[in-house]
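**Student:**
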Amino acid sequence: MGQPNYEYISGNVEIDGENLLELSPDERSAMGIFLSFQNVPEIKGIKLGEFLRTIYNIHLKNENPEQKDISPFIFKRFIKKHLEELKIEEEFLDRDLNVGFSGGEKRKIEILQMKLIGPKYIILDEIDSGLDLDAFKSVCKLLKNLDSENNTFIIITHYFKILDYLEIDKVYVMKSGEIFKKGGKELVEYIKENGYEDLK
């Protein structure tokens, strides 16, 4: 969570009084920030089940440094209910991380990660791209179930469809790397009817 090829020039990025630019990716994650990648990486040699168990153990230790690691056996029993809820087959746990997964399956795995660690700030980078209609509706429904007073979503998208399925409070239009216009959901409706050219 952080692109080393970008050069910091000026300003701050603050959440809860902390300057994120001074923190490492793992420290940002420990603060409760979760980033859903636009292009989810496929990693051979790392089993999905072991990856999920590792991030869950790290999350528990962030909450309580004295926490001992949960064994693979106990974790498999624990995660079963989440797999059933998301309609993910248990055999996926023994597959390489995201290798050969469909777009919808990859998104469900990301949502599974969110359920395991309960992040406060969730950044979704074009989570609606590459999904067929059924997978898209399924992902939107799961995201709605995750939404609560205890978390905040930042949804980055080029399309309006996902905004029709989710409750949104604020809308920001970016142009040339800067915030060009901001408003509420009415801004989305305006752009749908009039396009971007009339925005001032």
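Residue numbers are given in the numbering used here: position 135 of the sequence shown equals residue 150, and the series is strictly consecutive.
Just so it is clear, CB atoms sit at the ideal spot from N, CA and C, and this is done for glycine as well.
1. Starting from the Cα of Ile-177, find the closest Cα among Leu-101, Lys-159 and Met-189 and give me that residue.
2. Restricting to runs no shorter than 3 residues, where is the beta strand (DSSP E) found entirely within the region 17-72?
3. Suppose contacts are defined by Cβ-Cβ distances below 8 angstroms. Is Leu-63 in contact with His-97 by that definition?
4. Thinking C-beta only, is Ile-124 closer than 8 angstroms to Asn-166?
5. Find the nearest neighbour of Arg-110 within the set Cys-155, Glu-42, Ile-61 and Phe-151, judged by alpha-carbon distance.
6. Please classify Asp-162 as buried or exposed, where buried requires at least 16 neighbouring CB atoms within 10 angstroms.
7. Helix, strand or coil for Asp-140 per DSSP?
8. Rounded to a whole number of angstroms, what is the C-alpha to C-alpha distance between Leu-36 and Asn-27?
9. Going by DSSP in three states, Glu-135 sits in which element: helix, strand or coil?
10. Does the distance from the C-beta atom of Leu-112 to that of Glu-57 stay below 8 angstroms?
11. Among the residues of its own chain, which have a CB less than 7 angstroms from the CB of Asp-143, if the five just before and after it don't count?
12. So what's Leu-157 in DSSP terms, helix, strand or just coil?
13. With Ile-169 as the anchor, note down where its beta strand (DSSP E) starts and where it stops.
14. Work out the CA separation of Phe-49 and Glu-78 for me, nearest whole Å.
15. Ordered along the chain, which non-local residues of its own chain (more than five positions away) have a Cβ less than 8 angstroms from that of Phe-195?
16. If contacts are defined as beta-carbon pairs under 8 angstroms, then Ile-132 and Ile-70 qualify, I think. What distance do you get, rounded to the angstrom?
17. Excluding the 5 residues flanking Glu-15 on each side, which residues of the same chain have their C-beta closer than 8 angstroms to its C-beta?
18. Quick one: is Arg-122 buried, meaning 16 or more other Cβ sit within 10 Å of its Cβ, or exposed?
19. Assuming Met-46 contacts Glu-33 (C-beta within less than 8 angstroms), just tell me the rounded distance between them.
20. For Asn-209 and Lys-185, what's the separation of their Cα atoms in angstroms?
21. Which one or two residues does DSSP pair with Tyr-187 in a beta bridge?
**Tutor:** Walking through what the data contain:
1. Walking along the sequence shown from the start, residue 177 turns up at place 162. Per the Cα distances, Lys-159.
2. 48-51 and 58-62
3. Here the question's residue 63 lines up with position 48 in the sequence shown. Here the question's residue 97 lines up with position 82 in the sequence shown. No, they are not a contact pair.
4. Position 151 of the sequence shown, counting from 1, holds the residue named residue 166. Position 109 of the sequence shown, counting from 1, holds the residue named residue 124. No. Outside cutoff.
5. Here residue 110 is taken as the residue at index 95 of the sequence shown, counted from 1. Of the candidates Cys-155, Glu-42, Ile-61 and Phe-151, the one whose C-alpha sits nearest the C-alpha of Arg-110 is Ile-61.
6. As a first step, residue 162 must be located in the sequence shown, where it is residue number 147. Exposed is the call here.
7. In the sequence shown, the residue the question calls residue 140 occupies position 125. Of the three classes helix, strand and coil, the one that applies to Asp-140 here is strand, per DSSP.
8. Taking the first residue of the sequence shown as position 1, residue 36 is located at position 21. Taking the first residue of the sequence shown as position 1, residue 27 is located at position 12. So the alpha carbons of these two residues sit roughly 7 angstroms apart.
9. Within the sequence shown, residue 135 is the residue found at index 120, counting from 1. A small correction: the amino acid at residue 135 is Lys; Glu does not occupy that position in the sequence shown. It is coil, neither helix nor strand.
10. Taking the sequence shown and counting its residues from 1, one reaches residue 112 at position 97. Taking the sequence shown and counting its residues from 1, one reaches residue 57 at position 42. A contact, by the Cβ cut-off of 8 angstroms.
11. Position 128 of the sequence shown, counted from the start, is the residue given in the question as residue 143. Contacts found: Phe-151, Thr-172, Tyr-174, Lys-176 and Ile-177.
12. To locate residue 157, count along the sequence shown from 1; it is residue 142. Looking at Leu-157 - three-state DSSP - the assignment turns out to be helix.
13. Numbered from its first residue, the sequence shown carries residue 169 at position 154. Here the beta strand (DSSP E) through Ile-169 covers 167-171.
14. As a working mapping, residue 78 is identified with position 63 in the sequence shown. As a working mapping, residue 49 is identified with position 34 in the sequence shown. Looking at the two C-alpha atoms, the distance is approximately 16 angstroms.
15. Reading the sequence shown from its first residue, position 180 is the one you call residue 195. Excluding residues within five positions, the ones whose Cβ falls inside 8 angstroms are Val-188, Met-189 and Leu-214.
16. Position 117 of the sequence shown, counting from 1, holds the residue named residue 132. Position 55 of the sequence shown, counting from 1, holds the residue named residue 70. Yes, they are in contact, since the Cβ atoms of Ile-132 and Ile-70 sit about 6 angstroms apart, within 8 angstroms.
17. No statement about residue 15 is possible, as the shown extent of the chain runs from 16 to 215 and does not include it.
18. Here residue 122 is taken as the residue at index 107 of the sequence shown, counted from 1. With 16 or more Cβ atoms within 10 Å of its Cβ, Arg-122 is classed as buried.
19. One-based indexing of the sequence shown puts residue 46 at position 31. One-based indexing of the sequence shown puts residue 33 at position 18. Contact flag correct, Cβ pair sits at about 6 angstroms.
20. In the sequence shown, residue 209 corresponds to position 194, counting from 1. In the sequence shown, residue 185 corresponds to position 170, counting from 1. Approximately 19 angstroms between the Cα atoms of the pair.
21. To locate residue 187, count along the sequence shown from 1; it is residue 172. BP columns for Tyr-187 point to Lys-197.
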